[in-house]
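A.B. asks: According to my numbering, the sequence shown holds residues 1 to 79 in order.
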Amino acid sequence: MKLRQVRNETKFYPTEEMGSSYLDHYPDLAEQIMNNGRRNGLALMRGFLFWLQNAVHEDQFKPWVDDSNKEHEVIYLVD
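(1) Check GLU31 in the structure and name its three-state DSSP category.
(2) Apart from the five residues just before and just after ASN36, which ones in its own chain have a Cβ nearer than 8 Å to its Cβ?
(3) Compute the Euclidean distance between the alpha carbons of GLY47 and SER21, then round it to the nearest angstrom.
(4) Report the residue from GLU17, MET34, VAL6 and THR15 whose alpha carbon sits nearest the alpha carbon of LEU23.
(5) Would you decide whether LEU29 is buried or exposed? Buried here means 16 or more other CB atoms lie within 10 Å of its CB.
(6) According to the Cβ coordinates, are THR32 and GLY41 closer than 9 Å?
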């Protein structure tokens with residue numbers, strides 16, 4: 001199955017052609033998986049699949065991107 005965006009809707013149509021893989025769509029993830037060992041690569045893939053299931057916003061946290069140079073807001077939880 002492939003999909004095509006047309007105006008205000010998405011149309012699905014059958015095809016024999018193979019689509020792109022997730023690693024084709026996210027080359028930064030593919031690079032991280034290749035540069036890390038098997039164990040870390042597996043953890044990255046698990047984080048990626050979790051992200052796919054729970055991503056609802058364009059700027060959602062991506063577990064495979066090193067954003068250590070960014071400022072993060074700390075939210076304190078009070079019991």
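Note that the Cβ used here is the ideal one computed from N, Cα and C, for glycine as well. Since this is a predicted model, take the numbers as computed values, not measurements.
C.D. replies: In brief:
(1) Residue state, collapsed to three classes: helix.
(2) Excluding sequence neighbours, ASN36 sits near LEU44.
(3) Straight across, the Cα-Cα distance linking GLY47 with SER21 is about 17 Å.
(4) The option with the nearest alpha carbon to LEU23 is MET34.
(5) LEU29 should be labelled buried.
(6) Checking the displayed sequence, the identity of residue 32 turns out to be Gln instead of Thr. Between GLN32 and GLY41, the C-beta spacing is below 9 Å.
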